Every structure is written in C-alpha cells, then in structure tokens.
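In the UniProt record's numbering, the protein residues as written are 1 to 274.
#1: Between the alpha carbons of residue 172 and residue 122, how many angstroms are there, rounded?
#2: Tell me the DSSP secondary structure of residue 258 in three-state form.
#3: Which residue marks the beginning of the alpha helix (DSSP H) containing residue 174, and which one marks its end?
#4: Spatial neighbours of residue 24 within its chain, please: CB distance less than 8 Å, with the 5 preceding and 5 following residues excluded, ordered by chain position.
#5: With distance defined between alpha-carbon atoms, name the residue in 244, 39 and 34 nearest to residue 168.
#6: Under a three-way DSSP split, which group does residue 216 fall into?
#7: Is the region 34-51 touching the region 172-188 in the sense that three or more CB pairs, one from each, lie closer than 8 Å?
#8: Pick from 31, 260, 202 and 36: whose alpha carbon is nearest that of residue 19?
#9: Within the continuous alpha helix (DSSP H) that includes residue 128, where are the two ends?
#10: Could you check what DSSP says for residue 79 in three-state terms: helix, strand or coil?
#11: Skipping 5 residues on each side, what residues in its chain have a beta carbon closer than 6 Å to that of residue 249?
#12: Quick one: Cα of residue 195 to Cα of residue 55, how far?
#13: At the level of alpha carbons, what is the spacing between residue 11 and residue 35?
#14: Counting only the same chain and skipping the five closest in sequence on each side, list residues whose C-beta sits under 7 Å from that of residue 233.
#15: Under DSSP, the alpha helix (DSSP H) around residue 163 begins and ends at which residues?
#16: Can you tell me where the alpha helix (DSSP H) with residue 23 in it begins and where it stops?
#17: Only counting the same chain, and skipping five residues up and downstream in sequence, which positions put a Cβ closer than 6 Å to that of residue 126?
#18: With DSSP run on the structure shown, which of helix, strand or coil describes residue 211?
#19: If you reduce the DSSP assignment to three classes, tell me which class residue 107 lands in.
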C-alpha cells in the first residue's frame with residue numbers, strides 16, 4: 001500500500017508542477033487535483049501492461065483535462081461592467097482553462113497515442129453535453145438526472161476504462177464519483193439552501209411550480225427525501241463496485257470504505273436532525 005501512496009503522491013506533484021504558471025497563480029487559485037480520480041486512474045492503469053512512463057503520461061494528460069474542465073466551470077457569469085478586477089479574473093480563468101487544455105494535448109502528443117486522444121475528446125464532449133442538460137433543467141426523471149451527474153463526474157475515467165475494456169473500472173469510477181458528487185451537492189444545499197441536484201429534483205417532482213415560488217414544507221420534505229434516496233442508491237452502488245474490484249487495490253478499497261462510512265453517518269445524522 002505504501003507504494004501506491006508514494007506513486008499517487010509523486011503523480012500529484014508532477015501534475016501540480018506541470019499545471020503551475022507563475023503569472024496565472026498571482027490572480028487565480030492554484031488548480032485543484034482530485035485525489036479520488038487520481039487514485040482510480042492509478043488502480044486502472046496498474047492493471048494494464050504498460051510502462052511507468054506511459055502510465056504517467058496518460059494519468060497526467062487525463063488530470064490536466066479534468067483541471068481544464070474544472071477551471072472553465074469557475075468562470076463567473078456575474079456582470080463585470082465597471083469592475084476591471086473582476087473582468088481580469090474572468091479573462092484569466094478562461095485563459096487558464098485553455099492553457100491546461102493545451103498542456104493535455106502536449107503531453108499526449110509526446111506519447112503519440114491518437115486513440116487515447118479520441119477517447120478523452122469523446123469524454124469531454126459527453127461531459128459538456130450533460131452539463132448543458134443539468135444547467136438547462138431539461139431532465140424529466142430521477143434516473144436521467146443521476147445519469148447526467150454520473151457522466152459529468154466520471155466520463156474521463158469511464159472512457160479510458162472502456163478503451164482498455166475494463167468494465168469493472170467503468171462502473172467503479174461512475175459509482176464512487178457519483179456518490180462523492182451527490183454528497184457534495186447535499187452539503188452545498190445545507191450550507192447555502194441551493195444545489196443543482198435539489199433544483200433538478202424539484203423541477204422533476206413539481207414541474208408546474210415556478211422556481212421563484214417557494215415550496216410548501218411538505219413539498220420541500222419530498223424533495224429532500226428524494227435527494228436522500230439518491231444518495232442511498234449511490235451508497236449501495238459503491239458497495240457493489242467495491243466487491244467487484246481486485247483486493248490488490250488496498251488503498252482504493254480503503255477510500256471506498258471511508259466514503260461509505262462518512263456518507264452513511266452523515267445521512268443518518270441528517271435524518272435524526274430532521
């Protein structure tokens with residue numbers, strides 16, 4: 001397990017070094033590296049017969065794509081007229097996202113794997129398509145809503161696992177990352193009263209009630225209970241995936257256990273509070 005931890009730590013440092021740009025980081029946040037996605041990628045590539053150099057290039061390029069997507073997600077829609085500082089921040093955030101995308105192509109070009117570029121490009125398209133569905137509130141049932149969250153969070157790893165014909169990793173990535181996203185949505189809702197997940201559920205359950213109209217207590221409780229049901233579904237899916245993954249992936253199994261224990265504890269505590 002120590003080797004896994006050291007490898008992931010070294011890869012994280014490699015990603016952070018590659019993504020660092022001294023001028024950009026003066027004005028915007030350092031790029032965030034999702035360690036769960038990094039751990040999933042490590043587990044997947046560790047089962048393949050490829051060199052460490054290839055593995056590192058593929059993981060680096062995949063995480064750079066993720067960073068680019070996450071950075072573009074931070075671009076503010078706020079009116080910046082009359083605020084040069086906000087305008088500059090927006091412009092630099094867009095530039096940073098484009099910069100990370102360029103780095104991804106550069107890293108993959110060094111390996112020369114056109115098929116991997118196609119797989120990741122397909123994943124990016126899928127992610128953007130499902131982001132549009134989520135933000136335009138065009139989904140009319142809960143399975144479709146969860147499918148879009150699943151696609152946004154896991155498509156990069158899913159497409160790589162699909163390329164290498166590793167269905168267990170396709171499911172494992174989708175289930176773990178869906179649970180993580182749903183829990184994050186619930187935390188955001190508790191802290192701010194707003195959440196993309198909650199808004200999506202509300203529109204599915206009460207499509208004829210305008211968003212600016214406040215729901216009754218009974219209606220709001222129905223939305224919250226549906227959110228908890230979605231999280232419970234994701235928890236059960238992670239448990240199933242955990243049983244299918246190789247026991248050799250000790251660190252990933254431990255991470256899944258931690259995620260399950262934490263989310264189950266939180267969901268139960270919320271129920272008691274309610």
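Glycine included, each C-beta is placed from N, C-alpha and C at the ideal position. Since this is a predicted model, take the numbers as computed values, not measurements.
Well, looking at it:
#1: 19 Å
#2: helix
#3: 167-192
#4: 92, 95, 96 and 99
#5: 244
#6: coil
#7: yes
#8: 31
#9: 114-135
#10: For residue 79, the pLDDT reaches just 49, beneath the cut-off of 50, and the residue's location in the model is therefore unreliable, although a value from the coordinates is still provided. Of the three classes helix, strand and coil, the one that applies to residue 79 here is coil, per DSSP.
#11: 43
#12: 36 Å
#13: 10 Å
#14: none
#15: 142-163
#16: Counting along the chain, residue 23 falls outside any alpha helix (DSSP H), and DSSP gives it neither H nor E.
#17: 151 and 155
#18: coil
#19: helix
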